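Inspection log for the structure reproduced underneath, given as structure tokens.
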Amino acid sequence: MFDSILDALLYPPLTTKLPWYKNKGTLLEISLVLIACITSITVGAEIGSRRSPPPP
2 MFDSILDALL YPPLTTKLPW YKNKGTLLEI SLVLIACITS ITVGAEIGSR RSPPPP
């Protein structure tokens with residue numbers, strides 16, 4: 002008798018989905034790309050600022 006009362010849901014449970022930027026995988030990928038960009042900018046600036054060797 003009480004089983005039908007307990008099974009009835011007036012309001013279904015809300016399923017909240019995490020935004021894309023809060024997923025661990027997304028944060029890891031973005032941080033790796035950011036580190037690669039900063040490293041390449043630093044290395045490029047260091048190599049580009051060197052003087053050319055004197056002519057032989």
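In our numbering, the protein residues as written are 2 to 57. We treat Cβ as the ideally placed atom computed from N, Cα and C, and that holds for glycine. A quick note: this is a predicted structure, and the numbers were derived from the prediction, not measured.
Unbroken alpha helix (DSSP H) run spanning residue i, endpoints
| i | result |
| --- | --- |
| Thr43 | Lys25 to Gly49 |
Rounded separation between residue i and residue j - CA only
| i | j | result |
| --- | --- | --- |
| Ile36 | Leu29 | 11 Å |
| Leu33 | Trp21 | 16 Å |
| Ile42 | Thr17 | 39 Å |
| Lys25 | Leu15 | 22 Å |
| Ile39 | Ser50 | 16 Å |
Own chain partners of residue i with C-beta closer than 8 Å, once the 5 adjacent residues on each side are dropped
| i | result |
| --- | --- |
| Lys23 | none |
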